[in-house]
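For the sequence shown, my numbering begins at 11 and goes up steadily by one. All C-beta atoms, glycine included, are put in the ideal place defined by N, C-alpha and C.
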Amino acid sequence: MSVPARAAALLVAVAAVVGLGIFVALYYIGAESALTTVHYTASNGQVNVMLQEDPQNDSSSKPNWVSYYVQDPSTKNWVHTTLFSIPANTKVNVTIYGYDGCTPLRNNYFSQVLGTIGNTVTVSQFDQHGKKYVSGKTLSVINSWSDCNVAHTFAIPAMGIYVPVASPNANLSVKDLCSSSPCTPSGNPYAVETFSFMAPSHGGVFRWQCLVPCGGGYLDGNSGPMQTEGYMTGEMDVVNS
Ligand SMILES: [Cu+2]
Numbered sequence: 011m012s013v014p015a016r017a018a019a020l021l022v023a024v025a026a027v028v029g030l031g032i033f034v035a036l037y038y039i040g041a042e043s044a045l046t047t048v049h050y051t052a053s054n055g056q057v058n059v060m061l062q063e064d065p066q067n068d069s070s071s072k073p074n075w076v077s078y079y080v081q082d083p084s085t086k087n088w089v090h091t092t093l094f095s096i097p098a099n100t101k102v103n104v105t106i107y108g109y110d111g112c113t114p115l116r117n118n119y120f121s122q123v124l125g126t127i128g129n130t131v132t133v134s135q136f137d138q139h140g141k142k143y144v145s146g147k148t149l150s151v152i153n154s155w156s157d158c159n160v161a162h163t164f165a166i167p168a169m170g171i172y173v174p175v176a177s178p179n180a181n182l183s184v185k186d187l188c189s190s191s192p193c194t195p196s197g198n199p200y201a202v203e204t205f206s207f208m209a210p211s212h213g214g215v216f217r218w219q220c221l222v223p224c225g226g227g228y229l230d231g232n233s234g235p236m237q238t239e240g241y242m243t244g245e246m247d248v249v250n251s
């Protein structure tokens with residue numbers, strides 16, 4: 011091959027690699043940053059964060075992936091995102107609606123509630139008719155191996171927060187699991203779990219994630235939704251106030 015032909019071939023190859031890099035940056039990284047961030051503001055030093063986890067979601071690309079949603083505090087709409095912001099140095103009260111069925115944790119260590127105020131959560135459970143069959147139980151462990159009752163977890167590893175998130179009773183899930191997202195209490199069994207923690211005293215971005223291997227159809231259940239923002243991993247943006 012002549013020198014000019016080799017130079018031309020090299021230029022084409024370089025252009026192809028650079029083009030691929032730009033595609034990956036825009037398509038994958040750019041797509042993630044397009045997720046909405048839900049902003050929560052504090053009142054009297056407290057902020058209320060509302061989440062739900064579902065067996066599916068309403069995206070057009072990955073509708074069968076398990077997913078979290080975040081509630082917009084002003085519209086009360088459930089937003090398909092896992093990005094939210096809170097003010098620094100406030101007490102954070104989290105409520106998680108658990109609509110998905112149970113999956114045992116791979117490491118049952120994370121059945122313990124760690125890092126919340128009191129190292130506990132409070133759990134209620136409702137059947138598909140809205141009847142409360144477990145009322146406000148305060149728990150320091152939700153043992154995902156002894157009984158199928160954990161669907162996902164809410165963990166902020168950098169803050170030492172690990173919270174197993176309760177599912178509805180397994181028998182109710184088999185017959186009446188929510189099948190359209192975002193889920194609502196109407197016609198669906200669900201759990202409601204609350205806990206609180208103190209926000210860091212200064213701003214920063216804190217990754218949060220699920221630790222249940224809930225990526226159905228992926229190797230070891232640890233890929234797919236487990237590693238994708240907007241589904242089972244997200245960011246809590248702590249804002250200096
Ligand atoms: Cu999960």
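| Item | Value |
| --- | --- |
| Start-end ranges of the beta strand (DSSP E) lying completely within the stretch 47 to 120, minimum 3 residues | 47 to 49, 56 to 64, 77 to 81, 93 to 97 and 101 to 108 |
| Closest Cα partner of residue 146 within the set 134, 153 and 138 | 134 |
| Sequence ranges, alpha helix (DSSP H) only - wholly within the stretch 163 to 236, length at least 4 | 180 to 186 |
| Per DSSP, cross-strand counterpart(s) of residue 142 | 136 |
| Identity of the residues DSSP links to residue 248 by a beta bridge | 96 and 214 |
| Residue from 63, 148 and 45 with nearest C-alpha to residue 122 | 148 |
| Stretch-stretch touch, CB-based, cutoff 8 Å, three pairs: the stretch 207 to 215 with the stretch 110 to 122 | no |
| Cβ-based neighbour list, residue 54, same chain, cut-off 6 Å, excluding 5 preceding and 5 following | none |
| Simplified DSSP assignment, three categories, for residue 44 | coil |
| As assigned by DSSP and simplified to three states, the class of residue 151 | strand |
| Distance cut-off 8 Å: residue 167 Cβ against heavy atoms of ligand 1 | no |
| Buried versus exposed, by CB contacts within 10 Å (16 or more), residue 192 | buried |
| Quiz: which residues have CB nearer than 5 Å to ligand 1 non-hydrogen atoms | 162, 220, 222, 224 and 242 |
| Identity of the residues DSSP links to residue 124 by a beta bridge | 172 |
| Validate contact between the stretch 162 to 179 and the stretch 123 to 131 using beta carbons, cut 8 Å, 3 pairs | yes |
| Same chain, Cβ closer than 8 Å to residue 248, neighbours up to 5 away in sequence not counted | 95, 96, 97, 98, 209, 210, 212, 213, 214, 215 and 216 |
| Backbone CA spacing between residue 82 and residue 49 [nearest angstrom] | 8 Å |
| Straight-line Cα distance separating residue 24 from residue 152 | 54 Å |
| Minimum Cβ-Cβ distance from residue 231 to chain B less than 9 Å | Although the question refers to chain B, the structure presented lacks it and comprises just one protein chain. |
| In DSSP terms, what residue 130 is bridged to | Looking at the DSSP assignment, residue 130 forms no beta bridge with any residue, so it has no partner. |
| Close beta carbons around residue 93, own chain, < 6 Å, minus the five adjacent residues each side | 45, 47, 244 and 245 |
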